[in-house]
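Structure first, commentary second.
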Amino acid sequence: MKFSVLMYSHDTFGLGHLRRSRTIAHALVSHFPGATISIVSGSPVVDAFPFEDRVEYIQIPAAQKLANGNYVSGSGEKSFEETMAARESVIRAAAERIRPDMVIVDKEPLGLAREMLSTLEWLKTQGTIAVLGLRDVLDAPELLREEWQRKHIVEHLDLYDEIWIYGPGSFHNPLAGIDLPEWVLSQTRYTGFLPRSIQDDDVTEKYGRDYVLVTAGGGGDGYELMSAALNAVRRDRTRGREFLFVLGPFMTERERFEIAARAASLANVQVVDFDTNLEAVVANARAVIGMCGYNTFCEVISFDKRALFVPRTAPRREQSIRARRAEEFGWVDAIDIEDAKNPQRFLAAISRVLDRPVPSSAVSRPDLDGLNRICALTEILFYRRSEEATSNEVRLKTANS
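When we follow our numbering, the leftmost residue of the sequence shown carries the number -18, and every step to the right adds one.
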């Protein structure tokens, strides 16, 4: 079966959307030898990542999400409005060139500032299969409800054939706070979490093994975690305990310099800016300290790692909801950032997590079949489209006979 897929990943903050889209794209081309995938991404570091054959990326001008939730242009030379007009134009041109059989939109149903809306409407006239892919957790129900009402999301959900939620239904319902029509609920599918794998282990020689990994994903909001972790590690007298701090590409230069300078005197701490092979970095760790973004969480449970999460609570409560829910399942430990700022408490939490059971030992094990289910759902959607096309041909022949 040959088909083309256009994936949309708005990427205004961090690496989560790009890395999730890339994981799904690689699974699809691995499962379907005739598939070609084009990922539209606004990430300024998309070219740093390797992509499988038959997966390409189309870079759109960067927009940046601020800490208060507002957006600005990623370029100092253009206004936000000019940047959005350019992004919308590139997206539409890519869709018209590729004429995809399927489009998968990550997280933002209409795109950033509705930049996908006109393209989605055009693709619907072309008979393109459209899927909205959502994280297991989006935000607190009341906050998401207000956001979707403000953006008039529900009235445009008829542009989509299905909604895929990248988690198990038993874990969390990201749309629980929204009054959705029955037809939308009937088209919603839970996939399970998206498992991660190691393609190449090129990090062992660089960093070794069995370190405690401290990671903040893209790093744009990771300074508080890194600073608190350093304060705790400075008081650690445990022999043989090594730490690897991965700062992320979006941490500011000032913050990066400060963390590196403070860590320079600690013999058991290694600091690196970023590594695109984050899967192998996690797989080689003894334990992980992070913020509980979706990708880090999936890596932790994929590689069965002990984890201590220090989630952010603003501008979204996504990480906090995910971390606390995973803690309830017995998969991870979690601590509030204010508690983590107390070095003794943070160090005690680190020591506890190193002795906790791994996630797979919990009574309810994490459902990591998400990529297999995505491939199965894709096959079903194309089969259904083929059946509908055949049925329409029969009706047309009957009407003309």
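Glycine is no exception: its CB is placed at the ideal position from the N, C-alpha and C atoms.
Collapsing the DSSP output to three states places Leu247 in coil. In the DSSP assignment, Gly114 falls within the unbroken beta strand (DSSP E) covering Ile110 to Arg116. One Cα belongs to Ala74, the other to Ala66, and the distance between them is close to 12 Å.
Ranked by how close their Cα comes to the Cα of Asn353, the residues Ser(-10), Asn49, Gly274 and Ala6 have Ala6 in first place. In the structure shown, the three-state DSSP call for Leu104 is helix.
Bounds of the alpha helix (DSSP H) holding Ala6 are Gly(-3) to His12.
For the 9 Å CB-CB criterion, Phe255 and Gly200 form a contact. In chain order, Met65 place their CB closer than 6 Å to the CB of Ala94, counting only its own chain and leaving out the 5 sequence neighbours on each side.
Leaving aside the five residues that flank Gly351 on each side, the residues in its chain whose CB is nearer than 7 Å to its CB run, in chain order, Tyr147, Thr172, Gly173, Phe174, Leu175 and Pro176.
Judged by DSSP secondary structure, Val165 falls within the alpha helix (DSSP H) whose first and last residues are Glu163 to Ser167.
In the three-state scheme derived from DSSP, where H, G and I count as helix and E and B as strand, Thr371 is classed as helix. In the structure shown, the three-state DSSP call for Lys132 is helix.
Bridge pairing for Phe226: Val195 and Val252 [DSSP]. If you ignore the 5 residues before and after Leu91, its C-beta comes within less than 7 Å of the C-beta of Met97, Leu98, Lys132, Ile134 and His137, all in its own chain and listed in chain order.
Beyond the five residues adjoining it in sequence on each side, Asn323 comes within less than 7 Å, by CB distance, of no other residue in the same chain. Looking at the DSSP output, Lys(-17) shares a beta bridge with Gly15.
Between the segment 271 to 291 and the segment 334 to 343 there are three or more inter-stretch CB-CB distances shorter than 8 Å, so the stretches are counted as touching. Across the structure, Leu47 and Val53 are spaced so that their CA atoms are roughly 7 Å apart. In the structure shown, Ser60 falls within a coil segment according to DSSP collapsed to helix, strand and coil.
According to the DSSP assignment, Ala307 belongs to the alpha helix (DSSP H) that extends over Glu299 to Glu309. Rounded to whole angstroms, the Cβ separation of Arg216 and Leu289 is 16 Å, and the two are not in contact under 8 Å.
Partner residues in the beta bridge of Ser22, as assigned by DSSP, are Ser(-10) and Gln40.
Per DSSP, reduced to three states, the secondary structure at Tyr141 is coil, with no helix or strand assignment. Here DSSP, grouped into helix, strand and coil, assigns Gly351 to helix. Comparing alpha carbon positions, the residue from Asp191, Ala213, Thr185 and Tyr192 closest to Ala321 is Ala213. Pairing His153 with Ser246, the inter-Cα distance amounts to about 43 Å. Contact holds between the segment 265 to 283 and the segment 291 to 303, because three or more Cβ pairs, one in each stretch, are under 8 Å apart.
Taking the Cα positions, Leu119 is about 29 Å away from Glu234. Taking a 10 Å sphere around the C-beta of Val344, we find fewer than 16 other C-beta atoms and assign the residue as exposed. Secondary structure note for Phe278: its alpha helix (DSSP H) is the uninterrupted segment Tyr275 to Ser283.
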